[in-house]
Amino acid sequence: MRTQFRTILETDSQNLTDMKTKNLFTIAAISAGLAFGVTAQAKEEKHEEQTIDSSDVPAAVQQAAQAEAKGRH
Numbered sequence: 151m152r153t154q155f156r157t158i159l160e161t162d163s164q165n166l167t168d169m170k171t172k173n174l175f176t177i178a179a180i181s182a183g184l185a186f187g188v189t190a191q192a193k194e195e196k197h198e199e200q201t202i203d204s205s206d207v208p209a210a211v212q213q214a215a216q217a218e219a220k221g222r223h
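Under this note's numbering, the first residue of the sequence shown carries the number 151, and numbering increases by one thereafter.
Set out below in C-alpha cells:
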C-alpha cells in the first residue's frame, strides 16, 4: 500500500510540474506578443493633417461635403 501511495504522489507531482511549465510558457508567449504589439504601435508614424483649398478636390467631393454640411446644421 505504501508503494502505491508513493507512486500516486510522484505521478501527481510530475503532472503539476508539467502543468506549471506549460502555464509558464503560455504566459511568456502572451507577454511577448503584447510587448511586440505595444512596440509596433509606438514606432508607428503619426499622420499630420493638411489644409487644402476646396478647389483642389474633385467636384463630387465638393458636392458631398456641401450636402453633409447642410445636413448637420
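Backbone N, C-alpha and C define an ideal beta-carbon position, used for all residues, glycine too. Quick caveat: nothing in here was measured; it's all calculated off a predicted structure.
My output table needs one value for residue i: the three-state DSSP class, helix, strand or coil.
| i | result |
| --- | --- |
| residue 202 | coil |
| residue 196 | coil |
| residue 223 | A caution first: residue 223 carries a pLDDT of 49, below 50, which makes its placement in the model unreliable, though a value can still be read off. Note: residue 223 maps to coil in three-state DSSP. |
| residue 211 | helix |
Of the residues the options, which one's Cα is nearest the Cα of residue i?
| i | options | result |
| --- | --- | --- |
| residue 205 | 199, 213 and 182 | 213 |
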